[in-house]
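A.B. asks: The following block contains the structure, expressed as structure tokens.
2 protein chains.
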Amino acid sequence: MRQITSGELKNAPISRLQEVCETVRREIFQTVSVRGGHLASNLGAVELTVALHRVFDFPRDKIVFDVGHQCYAHKLLSDRAETFDTLRSRGGISGFPKRGESEYDCYETGHAGTAISAALGIAKARDLKGEDFSVIALVGDGSFNNGLIYEALNSLKILSTNILIVLNDNGMSISPTVGGTHEVLSELKEGAAPLEDVALFERYGLKYFGICNGNDLEELLPAMEKAKEALQKTSVLLHVTTRKGQGYAFCEQRPDRTHGISPAHPGKEYSAALGEELTELAQTDGRIVAVTAAMTDSLGLRPFFRAFPERAFDVGICEEHACVLSAALAAEGMRPYYAIYSTFLQRAYDEIIHDVCGQNLPVTFCIDRAGITGADGETHQGVFDLSYLAPVPNLTIAIPKNIAEFRAMLRLSASYGAPLAIRYPREGEEGTCESVEIGKFEVLQSNLSDIIIYAAGERCIKLASRVLSAAQEKGVCATLVNARFLKPVDEPFLLSRKEKYVVTIEDNVLSGGLGDAIARVLRGTGQIVRSFGCKDTFIPHGTVTELADEFGPNFRDILDYLLSCHAC
Amino acid sequence: MRQITSGELKNAPISRLQEVCETVRREIFQTVSVRGGHLASNLGAVELTVALHRVFDFPRDKIVFDVGHQCYAHKLLSDRAETFDTLRSRGGISGFPKRGESEYDCYETGHAGTAISAALGIAKARDLKGEDFSVIALVGDGSFNNGLIYEALNSLKILSTNILIVLNDNGMSISPTVGGTHEVLSELKEGAAPLEDVALFERYGLKYFGICNGNDLEELLPAMEKAKEALQKTSVLLHVTTRKGQGYAFCEQRPDRTHGISPAHPGKEYSAALGEELTELAQTDGRIVAVTAAMTDSLGLRPFFRAFPERAFDVGICEEHACVLSAALAAEGMRPYYAIYSTFLQRAYDEIIHDVCGQNLPVTFCIDRAGITGADGETHQGVFDLSYLAPVPNLTIAIPKNIAEFRAMLRLSASYGAPLAIRYPREGEEGTCESVEIGKFEVLQSNLSDIIIYAAGERCIKLASRVLSAAQEKGVCATLVNARFLKPVDEPFLLSRKEKYVVTIEDNVLSGGLGDAIARVLRGTGQIVRSFGCKDTFIPHGTVTELADEFGPNFRDILDYLLSCHAC
Chain A
6 MRQITSGELK
16 NAPISRLQEV
26 CETVRREIFQ
36 TVSVRGGHLA
46 SNLGAVELTV
56 ALHRVFDFPR
66 DKIVFDVGHQ
76 CYAHKLLSDR
86 AETFDTLRSR
96 GGISGFPKRG
106 ESEYDCYETG
116 HAGTAISAAL
126 GIAKARDLKG
136 EDFSVIALVG
146 DGSFNNGLIY
156 EALNSLKILS
166 TNILIVLNDN
176 GMSISPTVGG
186 THEVLSELKE
196 GAAPLEDVAL
206 FERYGLKYFG
216 ICNGNDLEEL
226 LPAMEKAKEA
236 LQKTSVLLHV
246 TTRKGQGYAF
256 CEQRPDRTHG
266 ISPAHPGKEY
276 SAALGEELTE
286 LAQTDGRIVA
296 VTAAMTDSLG
306 LRPFFRAFPE
316 RAFDVGICEE
326 HACVLSAALA
336 AEGMRPYYAI
346 YSTFLQRAYD
356 EIIHDVCGQN
366 LPVTFCIDRA
376 GITGADGETH
386 QGVFDLSYLA
396 PVPNLTIAIP
406 KNIAEFRAML
416 RLSASYGAPL
426 AIRYPREGEE
436 GTCESVEIGK
446 FEVLQSNLSD
456 IIIYAAGERC
466 IKLASRVLSA
476 AQEKGVCATL
486 VNARFLKPVD
496 EPFLLSRKEK
506 YVVTIEDNVL
516 SGGLGDAIAR
526 VLRGTGQIVR
536 SFGCKDTFIP
546 HGTVTELADE
556 FGPNFRDILD
566 YLLSCHAC
Chain B
6 MRQITSGELK
16 NAPISRLQEV
26 CETVRREIFQ
36 TVSVRGGHLA
46 SNLGAVELTV
56 ALHRVFDFPR
66 DKIVFDVGHQ
76 CYAHKLLSDR
86 AETFDTLRSR
96 GGISGFPKRG
106 ESEYDCYETG
116 HAGTAISAAL
126 GIAKARDLKG
136 EDFSVIALVG
146 DGSFNNGLIY
156 EALNSLKILS
166 TNILIVLNDN
176 GMSISPTVGG
186 THEVLSELKE
196 GAAPLEDVAL
206 FERYGLKYFG
216 ICNGNDLEEL
226 LPAMEKAKEA
236 LQKTSVLLHV
246 TTRKGQGYAF
256 CEQRPDRTHG
266 ISPAHPGKEY
276 SAALGEELTE
286 LAQTDGRIVA
296 VTAAMTDSLG
306 LRPFFRAFPE
316 RAFDVGICEE
326 HACVLSAALA
336 AEGMRPYYAI
346 YSTFLQRAYD
356 EIIHDVCGQN
366 LPVTFCIDRA
376 GITGADGETH
386 QGVFDLSYLA
396 PVPNLTIAIP
406 KNIAEFRAML
416 RLSASYGAPL
426 AIRYPREGEE
436 GTCESVEIGK
446 FEVLQSNLSD
456 IIIYAAGERC
466 IKLASRVLSA
476 AQEKGVCATL
486 VNARFLKPVD
496 EPFLLSRKEK
506 YVVTIEDNVL
516 SGGLGDAIAR
526 VLRGTGQIVR
536 SFGCKDTFIP
546 HGTVTELADE
556 FGPNFRDILD
566 YLLSCHAC
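Chains as they are written, first to last, in my numbering: chain A, 6 to 573; chain B, 6 to 573.
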């Protein structure tokens with residue numbers, strides 16, 4: 006779409022701004038239809054973004070997008086209209102704010118709840134430097150469940166600096182927003198009990214402006230102007246309601262299904278297997294409960310939630326709380342399954358150590374979206390989990406080779422009385438699985454050779470198979486092993502093998518991953534361990550295939566190495 | 006002290022209970038005087054604990070202590086009166102709740118903010134199992150700054166189970182409690198604006214009872230009875246004020262200084278050097294700011310806070326927010342120093358990745374209490390930081406050999422434009438330092454030998470020196486290297502050395518630590534790398550020396566290995 010200049014927005018009548026909204030909305034819909042991305046959240050925030058660009062002066066003024074998945078209109082209205090159709094493709098526009106992409110993006114986000122803290126830091130730096138501009142945090146109501154938001158609100162008076170918080174209230178996280186905070190916001194919306202809640206915000210040092218229809222420019226623009234004026238003297242909360250998916254009937258009706266759109270996936274989803282197996286297991290095991298932080302559907306838990314509503318807990322975007330809750334349920338004899346994306350589990354790291362593993366409690370972590378995840382980029386890759394989980398005492402770490410093995414691991418977990426992490430990618434193949442025993446590797450292809458390959462997880466095992474086929478054509482063969490437990494690693498098996506060349510393959514960074522664990526066991530044996538994993542860098546957006554080739558363990562490097570071993 | 010039975014407490018007149026309080030208080034004071042431990046917090050909570058034991062029926066009813074540092078009276082009143090004088094000593098009573106120690110301890114804590122989540126999990130499990138008992142979370146007002154508390158409050162209605170939250174409000178974290186939440190609580194205490202705040206708690210599903218003097222049994226017992234009765238139908242918040250240090254004048258006057266008492270330390274504290282250097286650097290560099298999560302004094306930051314109050318931020322017990330705030334300050338050109346204990350930095354793991362390193366921002370993490378820390382036990386050891394930090398891209402990790410080198414690293418950091426972590430123990434020696442260059446190791450003792458030792462940090466380097474002296478007496482010598490950067494590791498140096506035997510020593514678990522990093526570089530060279538570090542287990546309480554000997558890299562094992570290398 007053509008770049009709309011800031012001058013155009015500043016001087017246009019409201020009718021022209023409404024046209025701009027329609028143009029922006031159409032561009033978002035068309036691009037996301039092709040490229041995938043966050044749809045409903047961006048459609049809902051179009052008028053809000055137009056109003057922000059009309060009233061404020063970017064990039065002098067600065068805006069932090071909480072989560073960052075609602076920044077498409079901002080990208081179109083600042084300086085990326087002409088390249089927006091490259092959204093989420095390798096080398097193209099990111100689906101999240103990126104400092105390197107534009108001076109209009111002042112702070113990067115991807116996970117929930119950071120925007121108010123970030124806005125406070127930017128505003129405080131401004132004050133210390135004696136500069137003068139406005140700082141805005143745009144935050145969805147889903148993030149208002151997250152603890153970080155309250156830590157930041159608590160700091161408003163400590164830091165004594167002024168920021169504008171725009172609360173974009175659409176009643177949704179990826180799932181509908183839940184809990185007490187949501188009720189406070191709802192009552193504000195209904196005008197049922199405004200006094201106390203307004204007082205609450207004001208106690209934290211926020212002047213409250215609300216409620217205002219965030220999809221109606223006639224209502225929104227004057228409210229935004231008032232908020233801007235008040236910002237000269239105080240921090241401000243502008244409470245705006247928007248309709249997630251606004252403008253497209255299907256999105257409005259099913260905002261949960263249109264939160265994120267992916268291009269068609271050929272594979273079967275691991276998450277579906279999680280829902281099936283857990284529901285099955287829970288029929289006969291009354292101890293099984295499921296816990297999620299606002300991602301019931303994406304994690305495949307819907308069937309479980311339907312079958313056992315009293316044993317299924319969606320606590321909102323509260324990754325830490327969900328972890329402690331799971332630990333305590335386990336302490337009292339339940340068997341909690343805490344399902345979460347790899348990247349978001351980072352938020353619960355202290356609780357994994359302090360609550361679950363410190364007490365050696367039988368919580369099963371179902372870690373979805375592990376490895377390189379693709380189009381969401383840096384903040385969503387799951388390439389650190391093996392490294393940060395392996396050092397934690399008492400934790401068993403399993404990495405299934407396919408969906409059938411994932412199912413077997415889940416069945417095993419029900420009778421396993423200690424902390425267990427199972428990490429798996431979004432999609433794969435059902436495949437088959439004979440049996441799984443904790444800490445035991447499995448030989449997949451046995452060959453008389455001086456090379457043995459240990460690969461973990463479906464993508465890496467498939468990669469190893471392809472490399473082996475190519476190597477065999479050149480006369481090099483190797484034994485291939487499914488290294489399905491990182492911890493405990495299969496030490497007896499490792500020490501029983503005498504191959505001179507040991508190759509490890511994992512879709513995780515190398516520090517503290519599978520390669521290090523295997524090499525640690527083999528030190529002193531004289532065997533040569535060579536590890537292939539993800540590069541020590543933040544992996545940007547692109548397709549999983551192209552990113553894996555560029556940043557992950559890749560076909561060419563492994564093949565070259567195998568051929569060079571033979572040459573020795 | 007003699008064990009006071011539950012029956013005695015249940016039937017005694019208030020005058021007798023008051024005597025019990027004095028006995029308990031005296032026992033705590035005497036034991037802590039000898040053993041060290043948390044003093045002021047425990048003295049303040051004596052009447053509160055007596056009242057809880059009078060009104061509730063432990064261990065049938067269950068109590069979770071937030072942070073856990075105020076559980077001494079509970080230990081004395083349940084079943085540990087006769088062994089309490091072993092407090093915090095190896096094999097003795099822990100300073101924190103421990104499930105393995107007594108059935109009266111139902112859930113383990115050590116870090117702030119977990120108690121309400123844990124109480125909810127226990128209560129929900131109770132409901133699902135059809136059992137009937139009361140669940141209590143005892144939470145200090147300092148923890149009410151922490152985000153986890155709000156995540157848990159948000160879940161009260163979602164989980165629809167009843168718990169009693171006792172808010173022990175003494176106006177203090179380790180430092181005085183700060184921020185908006187503190188003001189809400191203060192106004193409640195002053196009766197200034199009770200209506201709205203009570204309404205707030207009730208919106209979350211909590212019936213509010215307050216304010217009640219928690220050091221006065223006459224006032225406390227009826228309030229506790231009322232709370233217990235209400236708990237049959239709803240969750241309850243009982244707001245109690247106590248005086249930290251109650252009963253001992255010096256503790257009452259200086260609760261910040263008597264929060265934790267340590268037996269005399271012979272060494273100099275690294276934290277003092279942090280305060281001195283930062284204050285010095287900030288005189289000429291206006292970009293330098295300091296951030297702490299409620300630990301100004303323990304981290305040595307008091308001189309900086311005095312000299313530059315406008316550039317010093319104590320945000321309360323908000324480790325995550327402190328990290329994002331630091332990132333945003335850095336994004337706008339400031340140079341934040343975020344000082345924190347190793348174990349508490351785990352709480353900010355996602356923000357280290359997502360906010361600081363993802364954006365490659367020049368935040369310096371000053372990581373105190375790294376390595377084995379001693380008497381606080383499992384929840385306070387700093388033995389995971391190298392493992393969880395090493396996999397993070399863009400991060401430099403430095404480990405000074407002494408306080409002088411720590412100072413040099415701090416001076417270096419001021420001109421270093423990327424994320425930097427410096428990890429150090431509580432105490433050590435000033436020593437000397439010639440110069441430091443990012444990523445460069447330093448040879449400390451050079452010997453013609455087939456053994457080279459890489460040690461990181463003061464304790465490990467000293468250990469290596471002692472081992473080397475002993476080995477030399479038996480005719481074995483080795484080169485000793487100060488491996489002061491884990492990342493980037495000094496690859497050119499490592500590859501330039503040809504010693505057959507490579508020994509690494511670190512006070513961190515082995516997975517993903519220094520040994521793994523060095524071995525990864527040396528794979529394929531034929532050199533034999535043997536690593537000594539902390540065992541893969543949660544390290545309990547004891548003195549640093551005895552724990553290091555039992556769970557850390559130790560003299561005997563390393564010496565045996567050096568002698569065996571020579572024998573080869």
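Yeah, the Cβ is synthetic: ideal placement off N, Cα and C, and Gly gets one too. The structure displayed is predicted, hence computed values, not measured ones.
Enumerated in chain order, which unbroken segments of the beta strand (DSSP E) with a length of 3 residues or greater are wholly contained in the stretch 20-79 of chain B?
C.D. replies: Counting whole runs of 3 or more residues, the stretch 20-79 of chain B contains the beta strand (DSSP E) stretches 67-70.
A.B. asks: Throw me the rounded Cβ distance for the V245/B and N151/B pair, which I believe falls under 8 Å.
C.D. replies: Mapped onto the second sequence, residue 245/B falls at position 240. Mapped onto the second sequence, residue 151/B falls at position 146. V245/B to N151/B, Cβ: 19 Å. No contact.
A.B. asks: Taking its Cβ as the centre, do 16 or more other Cβ atoms sit within 10 Å of K15/B, making it buried, or is it exposed?
C.D. replies: Numbered from its first residue, the second sequence carries residue 15/B at position 10. With fewer than 16 Cβ atoms within 10 Å of its Cβ, K15/B is classed as exposed.
A.B. asks: For L22/B, collect the residues of the same chain with a Cβ closer than 6 Å to its Cβ; drop the 5 residues on either side in sequence, then sort them by chain order.
C.D. replies: Position 17 of the second sequence, counted from the first residue, corresponds to residue 22/B. Hits under 6 Å: V55 and L222.
A.B. asks: Per DSSP, which one or two residues make a beta bridge with D319/A?
C.D. replies: Here residue 319/A refers to the residue found at position 314 when the first sequence is read from its first residue. Answer is T297/A.
A.B. asks: Please confirm if the stretch 445-457 of chain A is in contact with the stretch 484-504 of chain A, defined as three or more CB-CB distances below 8 Å between the two stretches.
C.D. replies: Taking 8 Å as the limit for Cβ pairs, the verdict is that the stretch 484-504 of chain A does touch the stretch 445-457 of chain A.
A.B. asks: Would you check if there are 3 or more beta carbon pairs closer than 8 Å linking the stretch 324-340 of chain B to the stretch 305-312 of chain B?
C.D. replies: Flag = no, the stretch 324-340 of chain B and the stretch 305-312 of chain B do not touch.
A.B. asks: What does D66/A reach in chain B if we use C-beta pairs closer than 9 Å?
C.D. replies: If you number the first sequence from 1, residue 66/A lands on position 61. Residues of chain B passing the Cβ test: none, with the nearest at roughly 13 Å.
A.B. asks: Excluding the five sequence neighbours on either side, which residues of its own chain have a C-beta within less than 8 Å of the C-beta of E24/B, listed in chain order?
C.D. replies: One-based indexing of the second sequence puts residue 24/B at position 19. There are no such residues.
A.B. asks: Hey, quick one: how far does the alpha helix (DSSP H) through Q8/A stretch, first residue to last?
C.D. replies: Here residue 8/A refers to the residue found at position 3 when the first sequence is read from its first residue. Neither: Q8/A is in no alpha helix (DSSP H) and is coded neither H nor E.
A.B. asks: What does F389/B touch in chain A if you count any residue whose Cβ is under 8 Å from its own?
C.D. replies: Counting from one through the second sequence, the residue named residue 389/B turns up at place 384. Those within 8 Å of F389/B in chain A are I358, P396 and V397.
A.B. asks: Take D48/B and list the residues in its own chain whose beta-carbon comes closer than 8 Å to its own, dropping the five residues that flank it on each side.
C.D. replies: If you number the second sequence from 1, residue 48/B lands on position 43. Note that residue 48/B corresponds to Leu in the displayed sequence, not to Asp. Cβ within range, chain order: R30, I33, F34, K249, G250, Q251, G252, Y253 and C256.
A.B. asks: Would A142/B and D71/B qualify as a contact pair, given that the criterion is a beta-carbon distance under 8 Å?
C.D. replies: As a first step, residue 142/B must be located in the second sequence, where it is residue number 137. As a first step, residue 71/B must be located in the second sequence, where it is residue number 66. Yes, they are a contact pair.
A.B. asks: Who pairs with V589/A in a beta bridge, going by DSSP?
C.D. replies: In this structure chain A extends from 6 to 573, so residue 589/A is not present and cannot be described.
A.B. asks: From which residue to which residue does the beta strand (DSSP E) around D512/A run?
C.D. replies: Here the question's residue 512/A lines up with position 507 in the first sequence. Where D512/A is concerned, the enclosing beta strand (DSSP E) stretches over Y506 to V514.
A.B. asks: Return no unless some Cβ of chain B is closer than 8 Å to the Cβ of I404/A.
C.D. replies: The residue given as residue 404/A occupies position 399 in the first sequence. So, not an interface residue.
A.B. asks: So, are the CB atoms of G126/A and L153/A less than 8 Å apart?
C.D. replies: Here residue 126/A refers to the residue found at position 121 of the first sequence. Here residue 153/A refers to the residue found at position 148 of the first sequence. No, these two residues do not count as a Cβ contact at 8 Å.
A.B. asks: Give me the Cβ distance between L527/B and V549/B, rounded to the nearest whole Å; I'm assuming they're in contact under 8 Å.
C.D. replies: Numbered from its first residue, the second sequence carries residue 527/B at position 522. Numbered from its first residue, the second sequence carries residue 549/B at position 544. Actually they do not touch by this definition, with Cβ atoms about 31 Å apart.
A.B. asks: Which residue or residues does DSSP assign as beta-bridge partners of P341/B?
C.D. replies: What you label residue 341/B is simply residue 336 of the second sequence in a count that begins at 1. According to DSSP, which records beta bridges pairwise, P341/B is partnered with V294/B.
A.B. asks: Let me know if V39/B comes out buried or exposed under the rule of 16 or more other beta-carbons within 10 Å of its beta-carbon.
C.D. replies: As a first step, residue 39/B must be located in the second sequence, where it is residue number 34. The residue is exposed, with fewer than 16 neighbouring Cβ atoms inside 10 Å.
A.B. asks: Quick one: grab the DSSP three-state call for K212/A.
C.D. replies: For the purposes of this step, residue 212/A is taken as the residue at position 207 of the first sequence. Residue state, collapsed to three classes: strand.
A.B. asks: Identify the residues that DSSP records as bridge partners of T437/A: which are they?
C.D. replies: For the purposes of this step, residue 437/A is taken as residue 432 along the first sequence, with counting starting at 1. DSSP, once it has assigned bridges, lists no residue as partnering T437/A.
A.B. asks: Just how far apart, CA to CA, sit I458/A and G433/B?
C.D. replies: Residue mapping note: residue 458/A aligns to position 453 of the first sequence, counting from 1. Residue mapping note: residue 433/B aligns to position 428 of the second sequence, counting from 1. When rounded, the distance between both Cα atoms is 45 Å.
A.B. asks: Alpha carbon to alpha carbon, what distance is there between R412/A and T289/A?
C.D. replies: Taking the first residue of the first sequence as position 1, residue 289/A is located at position 284. Taking the first residue of the first sequence as position 1, residue 412/A is located at position 407. The alpha-carbon atoms of T289/A and R412/A are separated by roughly 16 Å.
A.B. asks: Could you tell me which of H116/A, S160/A and L225/A sits nearest to L57/A, measuring between CA atoms?
C.D. replies: Within the first sequence, residue 57/A is the residue found at index 52, counting from 1. Closest option to L57/A, Cα to Cα, is L225/A.
A.B. asks: Run down chain A in chain order and give the residues with a C-beta less than 7 Å from the C-beta of R352/B.
C.D. replies: In the second sequence, residue 352/B corresponds to position 347, counting from 1. Under the 7 Å cutoff, chain A gives D355.
A.B. asks: Taking the C-alpha atoms as reference points, what is the distance between S454/B and R502/B?
C.D. replies: Here residue 454/B refers to the residue found at position 449 of the second sequence. Here residue 502/B refers to the residue found at position 497 of the second sequence. Going by the C-alpha atoms only, they are around 11 Å apart.
A.B. asks: Please state whether the Cβ-Cβ distance between Y213/A and Y155/B is less than 8 Å.
C.D. replies: Working through the first sequence from its first residue, we reach residue 213/A at position 208. Working through the second sequence from its first residue, we reach residue 155/B at position 150. No, they are not a contact pair.
A.B. asks: Between C438/B, A403/B and R7/B, which has its C-alpha nearest P424/B's C-alpha?
C.D. replies: By 1-based counting over the second sequence, the position of residue 424/B is 419. The option with the nearest alpha carbon to P424/B is A403/B.
A.B. asks: Hey, is the stretch 550-564 of chain B in contact with the stretch 462-472 of chain B, meaning 3+ C-beta pairs nearer than 8 Å?
C.D. replies: Yes, since at least three Cβ pairs between the stretch 550-564 of chain B and the stretch 462-472 of chain B fall closer than 8 Å, the two stretches touch.
A.B. asks: Within 7 Å: the Cβ of V507/B and any heavy atom of the ligand FAD?
C.D. replies: Annotation note on the ligand FAD: not contained in the displayed structure, which lists no ligands.
A.B. asks: Please identify, using Cβ separations under 8 Å, the residues of the stretch 137-169 of chain B that lie next to chain A, in order along the chain.
C.D. replies: Answer set for the stretch 137-169 of chain B: N150, N151, G152, L153, I154, Y155, E156, A157, L158, N159, S160, L161, K162, I163 and L164.
A.B. asks: Expressed to the nearest angstrom, what Euclidean distance is found between the alpha-carbon atoms of A235/B and L169/B?
C.D. replies: To locate residue 235/B, count along the second sequence from 1; it is residue 230. To locate residue 169/B, count along the second sequence from 1; it is residue 164. The straight-line gap from Cα to Cα measures roughly 9 Å.
A.B. asks: Hey, does F543/B have any beta-carbon neighbour from chain A nearer than 8 Å?
C.D. replies: Position 538 of the second sequence holds residue 543/B. Taking Cβ atoms only, chain A reaches closer than 8 Å to F543/B, which makes this a yes.
A.B. asks: Quick one: residues in its chain with C-beta nearer than 8 Å to the C-beta of D381/B, no 5 flanking neighbours on either side, listed in chain order?
C.D. replies: Within the second sequence, the letter at position 376 stands for residue 381/B. Hits under 8 Å: R93, G100, F101, G115 and H546.
A.B. asks: Counting only the same chain and skipping the five closest in sequence on each side, list residues whose C-beta sits under 6 Å from that of C76/B.
C.D. replies: Position 71 of the second sequence holds residue 76/B. Hits under 6 Å: F70 and P102.
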